[in-house]
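Engineer: In my numbering, the protein residues as written are 863 to 1135.
Structure in structure tokens, see below.
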Amino acid sequence: MDDKQLIAELGGLATVPRPLGFDPDDVATKAAKRIQTRRMAVGAGLTTLAVIGAVAVVVPRLSAPKQAPVGQAPVSTTSPAPADPGTAQREVARQHLLKVLPSLVPGAKDIQAPAFPPGDAPDMTTGAVTFQDSAGPAYFTFTISGAAGSKVSMKPLKSWCPAHPADPQLGPDGKPLRCDNLRQPDGSTVVLMESGSPGPSGRVSKIDELDALHYRNDGSVVSAIDGEFLTATLAMKYGFTDADGNPKESRPRYPLTEQQLIGLVTDPGFVLK
């Protein structure tokens, strides 16, 4: 999924009955920056799709609208917008996420996930999840992509984590950042990869993100971006500030541990078709 798509999706998150506790535009901006950093650190992750073209539009001459007889209501010629076929499935997936997170992350409180928006395909969606734990406020982005959407938006599994990368991204210790293909008991694969902020030397100055992508046997992919970064709105909501009262931009640990991250993306309850 490209940066523009993620920004558009997160920026269009639907509202929920109670305040979200964060600004979706703020989340979108942060998420876009993190994806850019991740690509610099790990390489091209999700396939970028760009459609560039010119469309000529011919506007016909319109005649004056016919007036309805006196006492008769005008007949509307506007067709109703077609229903989104994925709305119900996305809501089922969102409710499942809210159901499993309390047991998956026992210390999490005030878990919130706004309605999952539609993606570029009916079987795709990306949303933001927020909560608070002993390390402070936290959020991560969560993506579900069905088999059809994955074919056009996801990097092929065989392209991840080559045994001998031509130009590996190095961490602060001079060693390549982690990128592992973890085979699951059912034959599927979870890709785990680290990323962080590039320093002036070209190396990553600080590793602050661990992401997971579950490539299922049916061709669908479930992924999560799990990092220490925060939005200013979320930090201010929980009073997570420095000595001068400024919102902190990061938390001391990832929202999800490696085991929790794998448990989340491998959960079979997240399905979009």
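Where a beta carbon is used, it is the ideal one built from N, C-alpha and C, also for glycine.
For clarity, every value in this text was computed on a predicted model and none was experimentally measured.
Candidates A975, P999 and V962: which alpha carbon is nearest P1114's?
Structural biologist: Considering only alpha carbons, the answer is P999.
Engineer: Where DSSP assigns a beta bridge to H1076, which residues make up the other side?
Structural biologist: H1076 is bridged to V1052 and V1084.
Engineer: Less than 8 Å separating the beta-carbons of I973 and F1132?
Structural biologist: No, the pair does not count as a contact, with Cβ atoms beyond the cut-off.
Engineer: In angstroms, rounded to a whole number, what distance separates the CA positions of L1118 and A1028?
Structural biologist: Going from the Cα of L1118 to the Cα of A1028 covers about 31 Å.
Engineer: Using 10 angstroms around the beta-carbon of T1093, count the other beta-carbons present and answer buried if the total reaches 16, otherwise exposed.
Structural biologist: That one is buried.
Engineer: Thinking V991 and A975 are a contact (beta carbons under 8 Å), I'd like their distance in whole angstroms, please.
Structural biologist: V991 to A975, Cβ: 5 Å. Contact.
Engineer: Specify whether the region 1061-1072 and the region 1098-1108 touch according to this definition: at least 3 beta carbon pairs, one from each stretch, less than 8 Å apart.
Structural biologist: Output reads no: the region 1098-1108 does not touch the region 1061-1072.
Engineer: With respect to the alpha helix (DSSP H) encompassing P964, which residues constitute its N-terminal and C-terminal limits?
Structural biologist: Start and end: T949 to L966.
Engineer: Mapping DSSP to helix, strand and coil, what is S1007?
Structural biologist: Correct three-state label for S1007: strand.
Engineer: What residue does the beta strand (DSSP E) around M1098 start on, and which one ends it?
Structural biologist: Premise fails: M1098 lies in the alpha helix (DSSP H), A1094 to K1099, not in any beta strand (DSSP E).
Engineer: What residue range is occupied by the uninterrupted beta strand (DSSP E) comprising Q994?
Structural biologist: Taken as a continuous stretch (DSSP letters only), the beta strand (DSSP E) holding Q994 covers M986 to D995.
Engineer: Pull up the DSSP beta-bridge partners for F1002, would you.
Structural biologist: In the DSSP output, where bridge partners are listed per residue, F1002 has V991.
Engineer: So what does DSSP say about Q1121, is it helix, strand or coil?
Structural biologist: Q1121 falls in the helix class under three-state DSSP.
Engineer: Is it buried or exposed, D1070, if we count other Cβ atoms within 10 angstroms and call 16 or more buried?
Structural biologist: D1070 comes out buried.
Engineer: Can you tell which of L1075, H1026, V1084 and L1123 has the C-alpha that lies nearest to the C-alpha of D985?
Structural biologist: Answer by Cα proximity: V1084.
Engineer: Going along the chain, which residues of its own chain have a beta-carbon closer than 7 Å to the beta-carbon of A916, five neighbours each way excluded?
Structural biologist: With a pLDDT of 32 at A916, under the threshold of 50, the modelled position of that residue is not reliable, and the figure given next carries that caveat. Excluding residues within five positions, none has a Cβ falling inside 7 Å.
Engineer: Have a look at K1135, L1134 and L1123 and flag the residue whose alpha-carbon is nearest the alpha-carbon of V962.
Structural biologist: Nearest C-alpha to V962: L1123.
Engineer: Considering just the uninterrupted stretch of the beta strand (DSSP E) at K971, what are its terminal residues?
Structural biologist: K971 -> beta strand (DSSP E) spans K971 to Q974.
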